[in-house]
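Student: Take this structure first; my questions come after.
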Amino acid sequence: MVVVPAVAVLVAALSGCGGDESRRDYAIPENLCGIAVDADDLGQFLPDGEDVTEREKSGGGTKVCEVVVDDKLALRATQAWVEEGKTTAYFASSQSLEAPEQSADDERFRYSGNEAFGKTGGCVDERNGQELYTAVQAQGSEHSDADAMRRLITAYTSQVEASASCGASATDW
Numbered sequence: 025m026v027v028v029p030a031v032a033v034l035v036a037a038l039s040g041c042g043g044d045e046s047r048r049d050y051a052i053p054e055n056l057c058g059i060a061v062d063a064d065d066l067g068q069f070l071p072d073g074e075d076v077t078e079r080e081k082s083g084g085g086t087k088v089c090e091v092v093v094d095d096k097l098a099l100r101a102t103q104a105w106v107e108e109g110k111t112t113a114y115f116a117s118s119q120s121l122e123a124p125e126q127s128a129d130d131e132r133f134r135y136s137g138n139e140a141f142g143k144t145g146g147c148v149d150e151r152n153g154q155e156l157y158t159a160v161q162a163q164g165s166e167h168s169d170a171d172a173m174r175r176l177i178t179a180y181t182s183q184v185e186a187s188a189s190c191g192a193s194a195t196d197w
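Remember, this note's numbering sits 24 above the position in the sequence shown when you count from 1.
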């Protein structure tokens with residue numbers, strides 16, 4: 025009879041040991057393909073693992089930065105030129121299966137616990153009649169934090185506005 029309580033104590037002790045600790049052997053990126061981000065906000069959405077890499081793709085008026093941890097896509101950041109006069113909700117609907125319900129800055133930003141969308145201020149391609157939008161999506165993340173995602177998209181969008189992307193045109197990508 026003494027064995028059962030001892031086993032129960034051992035199981036309880038082992039279950040609290042190391043189960044909640046993260047095991048991240050890589051440095052959290054401080055930028056997404058050249059666009060500065062807050063590593064604390066970004067890190068919340070990245071999984072444990074050994075290796076992190078970034079892959080950048082562009083074409084058709086869109087730039088995509090994929091953050092890959094141990095050969096699995098963890099997060100995607102997007103910059104996309106969209107027809108002038110559209111809204112962030114319109115852009116989000118073309119990028120996501122679920123429309124993020126939360127918004128900030130008079131609907132300029134739309135976000136949920138694992139993805140967010142923004143509209144840059146002043147990044148306009150007048151020749152092609154387009155405006156630059158941003159997205160950060162961590163749909164595969166087990167972490168959900170709407171406040172962190174709002175901070176991430178707001179900061180990312182601000183950095184895109186200050187980058188060469190803002191002065192580019194849709195045909196440059």
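Beta carbons are placed, not taken as given, at the ideal position from N, Cα and C, and that holds for glycine.
Going by beta carbon distance, what residues of the same chain come within less than 6 angstroms of Cys57, once the five residues before and after it are set aside?
Tutor: If you number the sequence shown from 1, residue 57 lands on position 33. Cβ within range, chain order: Glu78, Glu80, Cys89.
Student: Sort out for me which residues DSSP pairs Ala98 with in a bridge.
Tutor: In the sequence shown, counting from the first residue as 1, residue 98 sits at position 74. For Ala98, which the question treats as bridged, DSSP gives no partner whatsoever.
Student: Give the DSSP-derived three-state secondary structure of Gly142 in the structure shown.
Tutor: In the sequence shown, residue 142 corresponds to position 118, counting from 1. Note: Gly142 maps to strand in three-state DSSP.
Student: Could you have a look at Asp64 and say whether DSSP puts it in helix, strand or coil?
Tutor: Translated into the one-based positions of the sequence shown, residue 64 becomes position 40. Assigned with DSSP and collapsed to three states, Asp64 falls in helix.
Student: Can you list, in chain order, the residues of its chain whose CB lies under 6 angstroms from that of Cys41, leaving out five sequence neighbours each side?
Tutor: Working through the sequence shown from its first residue, we reach residue 41 at position 17. Annotation note: pLDDT 47 at Cys41 (below 50); position unreliable, coordinate value reported separately. None.
Student: Around the C-beta of Leu176, are 16 or more other C-beta atoms found within 10 angstroms, so that it is buried, or is it exposed?
Tutor: As a working mapping, residue 176 is identified with position 152 in the sequence shown. When all chains shown are included, Leu176 counts as buried.
Student: Shortest alpha-carbon distance to Ala60 belongs to which of Thr86, Gly191, Ser182, Phe141?
Tutor: On the sequence shown, residue 60 is found 36 positions in, with the first residue counted as 1. Considering only alpha carbons, the answer is Ser182.
Student: Classify Leu121: buried if its beta carbon has 16 or more other beta carbons within 10 angstroms, exposed otherwise.
Tutor: Stepping through the sequence shown from its first residue, residue 121 is reached at position 97. The residue in question, Leu121, is exposed, as its Cβ has fewer than 16 Cβ neighbours within 10 Å.
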